[in-house]
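Take a look at the structure below.
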Amino acid sequence: MSSTRQIRLVAMREIRARIGSRAYQISTVAIALIAVGGILAAQILPDLFEDEPFDLGLLPATADQESALREVASSFDREIEFFTYDSLGSAEAALGEGDLDAVLVAPDQLQFQDEVDTTLESIVRQSLFAMQLEERAEELGLTLDEAQSLIAPAMVQSEVVEPAAPADNGDEDIGQGVGALSAIALLFAISFYGNWVLVGVIEEKSNRVVEVLLAAVAPWELLVGKVLGILALAVGQIAVGGAALAGALVATEGTEALPTVALAGLVMAVVWLVIGLLLYNFMYAAVGATVNRPEEATSATFPLMVPLMGGYFVGLIFIPGNPDSLVARVLSIFPLTAPLTMPSRIASGGGSPIEVVIAITLALVTLAGVIWLAARIYSGGILQSSKVGFLTAFRRAREVR
Amino acid sequence: MTVAREWTTLASVLQLTDLTKRYGDVVALDGATFEVPPGRMVGFLGPNGSGKTTAMRSIFGLVRLGSGRILWDGEPLDANDARRFGYMPEARGLYPKMTVGEQVDYFARLHGADASGARIHVDRWLDRLDLGERRESKVETLSHGNQQRVQLAVSLAFDSDLLILDEPFSGLDPIAVATMGDVIREEARRGAGVLFSSHQLDLVEDLCDDVVIINRGRVVVQGGLEEVRAASPYRYVDVSGPAAKTRWWNGIPDAEPLEERDSRLRLRVPSTSDPAAVLTAARDSAEVSGFRFEPPSLSDLFVEAIRG
Numbered sequence: 013m014s015s016t017r018q019i020r021l022v023a024m025r026e027i028r029a030r031i032g033s034r035a036y037q038i039s040t041v042a043i044a045l046i047a048v049g050g051i052l053a054a055q056i057l058p059d060l061f062e063d064e065p066f067d068l069g070l071l072p073a074t075a076d077q078e079s080a081l082r083e084v085a086s087s088f089d090r091e092i093e094f095f096t097y098d099s100l101g102s103a104e105a106a107l108g109e110g111d112l113d114a115v116l117v118a119p120d121q122l123q124f125q126d127e128v129d130t131t132l133e134s135i136v137r138q139s140l141f142a143m144q145l146e147e148r149a150e151e152l153g154l155t156l157d158e159a160q161s162l163i164a165p166a167m168v169q170s171e172v173v174e175p176a177a178p179a180d181n182g183d184e185d186i187g188q189g190v191g192a193l194s195a196i197a198l199l200f201a202i203s204f205y206g207n208w209v210l211v212g213v214i215e216e217k218s219n220r221v222v223e224v225l226l227a228a229v230a231p232w233e234l235l236v237g238k239v240l241g242i243l244a245l246a247v248g249q250i251a252v253g254g255a256a257l258a259g260a261l262v263a264t265e266g267t268e269a270l271p272t273v274a275l276a277g278l279v280m281a282v283v284w285l286v287i288g289l290l291l292y293n294f295m296y297a298a299v300g301a302t303v304n305r306p307e308e309a310t311s312a313t314f315p316l317m318v319p320l321m322g323g324y325f326v327g328l329i330f331i332p333g334n335p336d337s338l339v340a341r342v343l344s345i346f347p348l349t350a351p352l353t354m355p356s357r358i359a360s361g362g363g364s365p366i367e368v369v370i371a372i373t374l375a376l377v378t379l380a381g382v383i384w385l386a387a388r389i390y391s392g393g394i395l396q397s398s399k400v401g402f403l404t405a406f407r408r409a410r411e412v413r
Numbered sequence: 003m004t005v006a007r008e009w010t011t012l013a014s015v016l017q018l019t020d021l022t023k024r025y026g027d028v029v030a031l032d033g034a035t036f037e038v039p040p041g042r043m044v045g046f047l048g049p050n051g052s053g054k055t056t057a058m059r060s061i062f063g064l065v066r067l068g069s070g071r072i073l074w075d076g077e078p079l080d081a082n083d084a085r086r087f088g089y090m091p092e093a094r095g096l097y098p099k100m101t102v103g104e105q106v107d108y109f110a111r112l113h114g115a116d117a118s119g120a121r122i123h124v125d126r127w128l129d130r131l132d133l134g135e136r137r138e139s140k141v142e143t144l145s146h147g148n149q150q151r152v153q154l155a156v157s158l159a160f161d162s163d164l165l166i167l168d169e170p171f172s173g174l175d176p177i178a179v180a181t182m183g184d185v186i187r188e189e190a191r192r193g194a195g196v197l198f199s200s201h202q203l204d205l206v207e208d209l210c211d212d213v214v215i216i217n218r219g220r221v222v223v224q225g226g227l228e229e230v231r232a233a234s235p236y237r238y239v240d241v242s243g244p245a246a247k248t249r250w251w252n253g254i255p256d257a258e259p260l261e262e263r264d265s266r267l268r269l270r271v272p273s274t275s276d277p278a279a280v281l282t283a284a285r286d287s288a289e290v291s292g293f294r295f296e297p298p299s300l301s302d303l304f305v306e307a308i309r310g
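So the protein sequences, as listed, match chains X and H. Throughout, my numbering is defined as the position within the first sequence, counted from one, plus 12. Throughout, my numbering is defined as the position within the second sequence, counted from one, plus 2.
Right under this line is the structure:
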C-alpha cells in the first residue's frame with residue numbers, strides 16, 4: 013500500500029468532513045461576499061468622497077455671469093449648478109432652507125448662509141477679475157491681449173539633468189495598497205487555516221482516534237494528508253473568492269477590466285500563499301501534537317506568532333513605503349517571513365526577479381526541513397496523553413515504519 | 003509455565019520475542035515472549051499494569067520497544083503487514099461527527115480495501131452488528147454500547163489477518179457481549195488470529211482457545227487453554243454436604259483448603275492425587291452430597307500464575 017494512497021485517503025477525509033460543515037460553507041460565502049463587497053466599495057467610495065457641485069443662486073442682475081463662472085470653476089476642477097431667482101427674497105429663502113450654497117447678489121457681492129466657502133469665493137473673485145480686466149484695459153487704451161500680457165507671470169524654463177523614470181503616482185499608490193492588502197490577506201489565511209490544522213490535530217489526539225489511525229497510517233502520512241487536505245480546502249475557498257472578485261469586476265467594469273489585474277502579481281500571491289500555508293500548517297500540526305486541549309494551544313503557538321506577526325507588521329506598514337530597504341530585503345528572503353513580506357514588496361514595486369527566485373528556493377528548502385521536523389515532533393507528541401515540550405516530542409518520536 | 007504447541011507449523015503466526023520496554027523506572031515489558039497462531043482465539047490476561055496494552059501497542063509500532071522482535075510469518079513485521087491487522091485500542095477513538103457508515107468505510111480503505119470492497123464490508127458489518135439503521139447517524143449521537151459496536155466494526159472492516167482487541171467487552175451489556183463474542187469467534191473460524199485482553203475471566207474461558215498470562219512484563223503462562231489446565235500442578239476439589247465441615251483432607255498429602263463456607267469446601271491438591279482416593283477419604287468422614295475433581299479454571303490458573 014503506497015504512502016501516496018494513504019495520504020490521499022487522509023486528505024480526502026479532511027476535505028469531505030469539512031466541506032459539508034456549516035463553518036466551511038459560511039466562511040466560503042463570507043469570503044465571496046467580502047470580495048464582491050470590496051469591488052462594490054471601490055466603485056462607490058470614490059463617488060462618496062468626490063466634491064459635490066456648488067449650488068449657486070443667481071438674480072436677474074447676475075444671470076449673465078453663468079458662463080464665465082462655469083469656465084473659471086472648471087479650472088478649479090469643480091462644477092457649479094446654477095439656479096436663477098426673480099427676487100433676492102426667494103433666493104434668500106432657498107439659501108435659508110439649504111437648497112443653495114450661496115447667492116450671487118451682485119457681480120461683486122456673494123451671500124452665504126452661515127459660513128463662507130473660500131473656494132466658491134475664489135471662483136467668483138477670479139471670474140469678476142477676468143471680466144473687469146477687459147473694462148480696465150479699455151479705460152487704459154490697451155487691448156485685452158496687451159493687458160493680459162502685462163499681468164502674465166514671468167516664465168521660468170526648468171531643465172532636468174537626469175530625468176527620473178516617469179512615475180505614475182496613481183499606480184504607485186495602488187501598488188502600495190495592494191502590498192499592504194496582501195500582507196493582511198496572507199496573515200488572515202495562514203492564521204485561519206493554520207487554526208483548522210491545529211484544532212483538527214488536537215481533536216484527533218484528545219478523542220484518541222489517532223491511535224486507531226496510526227495502526228494503519230504512518231504518522232508522517234497522517235500529517236501530510238491532513239495539511240494537504242486543508243490546503244486544498246483553502247485554495248478552494250480562495251478560488252471562490254477570486255471568482256467572485258472577477259465576476260464583480262466584470263459586472264461593474266465590463267470584461268475589459270480583467271486584463272488590468274496584473275496576472276503575474278496574482279500568480280506570485282498564490283505561490284506565496286501556498287508556500288506560506290504549507291510552512292505554517294506543518295508547524296501548527298506539530299504544535300497541536302504537543303498539547304491535549306485547545307486552551308493549551310494559545311501559549312504553544314507563541315513561537316509561530318513571532319515570525320508571523322513580525323512579517324505581517326513589516327509587510328503592512330514598513331514595506332509599502334520602503335520596498336527596497338535592507339529590512340525589506342532581509343525579511344522577504346527569510347523563509348518564515350517571506351510569504352508575508354515578498355508579495356508586499358513586489359506589489360510595492362520592490363524585489364528583483366533574482367531575489368524572488370532566491371526567496372522561493374530558500375522557502376522550499378526550509379519547507380522540506382519543516383516537514384521533517386514537524387513529522388518528528390508530531391510522531392513524538394501525538395500519542396502522549398499529556399502536554400509535552402517540542403524537544404521531548406522530538407526525542408520521543410517513534411520510528412516510522 | 004509454558005505448554006509447547008506445534009504453532010510454528012501453521013502459516014501466518016505472529017511471534018513476539020523478548021520484548022522489553024521501560025517508562026523511566028517502570029518496567030512495562032521484561033522479555034515478554036508469546037505467539038498468536040492463525041484461527042485461534044488467544045485470551046491475553048494479566049493484572050493492571052502488567053504490560054498487556056504496551057505489548058498490543060508495540061505490534062502497531064505505537065510504542066518504541068527497548069529490544070525484542072516481532073515476526074509475522076517468520077519475517078520482521080512491517081507497516082504493510084500491520085495494516086492487515088484490525089485494532090481496537092483500550093482507549094476507544096472514533097470521529098464523533100462522522101457518520102457510522104463513513105467511519106467504517108474510511109478505516110476499511112485505510113487498511114487496504116478498495117472503494118467497492120469497503121462498501122461490501124460496511125454493509126456486512128453494520129448488518130452483522132445491528133447498526134444498519136444507524137448507518138447515517140453521527141457517531142456522537144449513539145449510545146456507549148453502539149459506539150463500542152462501531153469501534154469493533156472499524157477494527158473488523160476488512161478481511162484482517164489478525165485482530166488485536168484491547169478490552170473489547172468492557173462496558174457492554176450481556177447481549178452485546180454475546181454478539182461481540184460470536185463475531186470474534188466467526189473471525190477466528192475464518193482463519194484470523196485473535197488476541198484479546200479482558201478482566202472478565204469467565205468470558206475469556208468461554209471464548210478462548212489459547213491463553214497468555216503476563217505479569218510484570220513477563221509471560222508466565224501460555225498455551226492452549228485445555229493443555230495449560232491439564233499441565234497445572236494442581237487439581238481443584240469441590241465438596242458439598244456434611245463432609246465439607248470435617249477435616250478429612252488432613253490425610254491428603256499437600257492438600258490446601260481454599261474456601262470453607264457452610265456445607266461447601268474447596269480444596270487444592272497436587273495433580274498427582276488420585277480422585278477416587280480423595281472421594282473415598284471425604285466419604286469416610288461424613289456424607290458427601292456433591293463432589294468435583296477438576297483441573298484449574300481460568301480464574302484458578304490466573305491466581306496460580308500471579309500469586310505463585
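All C-beta atoms in this analysis are idealised placements derived from N, C-alpha and C, irrespective of residue type, glycine included. Model, not experiment: these values are computed from the prediction.
Where residue i meets chain H, residues with beta-carbon distance less than 8 Å
i: Asn-219 (chain X); result: Gly-95, Leu-96, Tyr-97, Pro-98
i: Val-222 (chain X); result: Gly-95
i: Arg-407 (chain X); result: Per Cβ cutoff of 8 Å: no residues; Arg-407 (chain X) is ~11 Å from chain H at best.
i: Ala-29 (chain X); result: Tyr-97, Lys-99, Met-100
Member of the options whose CA lies at the smallest distance from the CA of residue i
i: Ala-110 (chain H); options: X:Thr-130, X:Arg-90, X:Val-224, X:Trp-384; result: X:Val-224
i: Gly-110 (chain X); options: X:Gly-101, X:Ser-99, X:Asp-98, X:Phe-124; result: X:Phe-124
i: Ser-218 (chain X); options: X:Val-136, X:Ala-228, X:Val-173, X:Pro-306; result: X:Pro-306
i: Ser-319 (chain H); options: H:Asp-208, H:Ala-245, H:Arg-66; result: Beyond the ends of chain H as shown, which are 3 and 310, falls residue 319 (chain H); an answer cannot be given.
i: Ser-162 (chain H); options: H:Ser-291, H:Phe-46, H:Ala-120, H:Tyr-238; result: H:Ala-120
i: Arg-126 (chain H); options: H:Leu-144, H:Val-156, H:Gly-114; result: H:Val-156
i: Val-152 (chain H); options: H:Asp-175, H:Val-15, H:Gly-103, H:Ser-200; result: H:Gly-103
i: Ala-6 (chain X); options: X:Ser-170, X:Glu-146, X:Ala-166; result: There is no way to answer for residue 6 (chain X), as the model of chain X reaches only from 13 to 413.
i: Val-124 (chain H); options: H:Glu-135, H:Gly-114, H:Val-106, H:Asp-132; result: H:Val-106
i: Thr-378 (chain X); options: X:Ser-356, X:Ala-114, X:Pro-119, X:Gly-288; result: X:Gly-288
i: Ser-242 (chain H); options: H:Phe-293, H:Arg-130, H:Val-28; result: H:Phe-293
i: Arg-57 (chain H); options: H:Glu-37, H:Met-43, H:Leu-128, H:Arg-42; result: The sequence given here has Ala at residue 57 (chain H), not Arg. Closest by alpha carbon: H:Glu-37.
i: Val-290 (chain H); options: H:Leu-133, H:Val-239, H:Pro-297, H:Pro-298; result: H:Val-239
i: Arg-130 (chain H); options: H:Gln-149, H:Met-182, H:Asp-256, H:Leu-112; result: H:Met-182
Under 8 Å by beta carbon: chain X residues contacting residue i
i: Phe-62 (chain H); result: Leu-226, Ala-227
Residues bridged to residue i (per DSSP)
i: Tyr-236 (chain H); result: H:Pro-272
i: Lys-23 (chain H); result: H:Leu-31
i: Val-223 (chain H); result: H:Ile-215
i: Lys-140 (chain H); result: H:Thr-101
i: Val-241 (chain H); result: H:Leu-267, H:Phe-293
i: Pro-306 (chain X); result: Beta-bridge pairing links Pro-306 (chain X) to no other residue.
Boundaries of the alpha helix (DSSP H) in which residue i is found, first to last residue
i: Ala-23 (chain X); result: 15–31
i: Glu-292 (chain H); result: Before going on, a small fix: residue 292 (chain H) reads as Gly here, not Glu. Run containing Gly-292 (chain H): none in the alpha helix (DSSP H); it sits in the beta strand (DSSP E), 292–296.
i: Phe-109 (chain H); result: 102–112
i: Val-152 (chain H); result: 146–158
Rounded C-alpha distance that separates residue i from residue j
i: Leu-261 (chain X); j: Trp-284 (chain X); result: 24 Å
i: Lys-140 (chain H); j: Ala-93 (chain H); result: 19 Å
i: Val-5 (chain H); j: Gly-26 (chain H); result: Reliability of the predicted coordinates at Val-5 (chain H) is poor, the pLDDT of 46 falling under 50, and the value obtained from them is presented with this limitation in mind. Taking the straight line from one Cα to the other gives about 33 Å.
i: Ala-179 (chain X); j: Val-368 (chain X); result: Here Ala-179 (chain X) scores only 46 on pLDDT, less than 50, and its place in the model should not be relied on; the value that follows carries that caveat. Looking at the two C-alpha atoms, the distance is approximately 23 Å.
i: Phe-94 (chain X); j: Val-279 (chain X); result: 51 Å
i: Glu-138 (chain H); j: Lys-99 (chain H); result: 11 Å
i: Asp-75 (chain H); j: Asp-83 (chain H); result: 10 Å
i: Gly-212 (chain X); j: Tyr-292 (chain X); result: 15 Å
i: Thr-101 (chain H); j: Glu-142 (chain H); result: 9 Å
i: Ser-118 (chain H); j: Leu-245 (chain X); result: 26 Å
i: Ala-309 (chain X); j: His-146 (chain H); result: 29 Å
Listed by chain order, chain H residues near residue i by CB distance under 7 Å
i: Gln-18 (chain X); result: Leu-112
i: Arg-25 (chain X); result: Tyr-108
i: Ala-301 (chain X); result: In chain order: nothing, as chain H lies at least about 14 Å away.
For residue i, the first and last residue of its enclosing beta strand (DSSP E)
i: Met-43 (chain H); result: 43–47
i: Thr-96 (chain X); result: 92–96
i: Glu-261 (chain H); result: 258–263
i: Gly-69 (chain X); result: 66–70
Beta-carbon neighbours of residue i, restricted to chain H and to distances below 9 Å
i: Leu-21 (chain X); result: Tyr-108, Arg-111, Leu-112
Amino acids of chain X, ordered along the chain, whose beta-carbon sits closer than 9 Å to that of residue i
i: Pro-91 (chain H); result: Arg-220, Glu-223, Val-224, Ala-227
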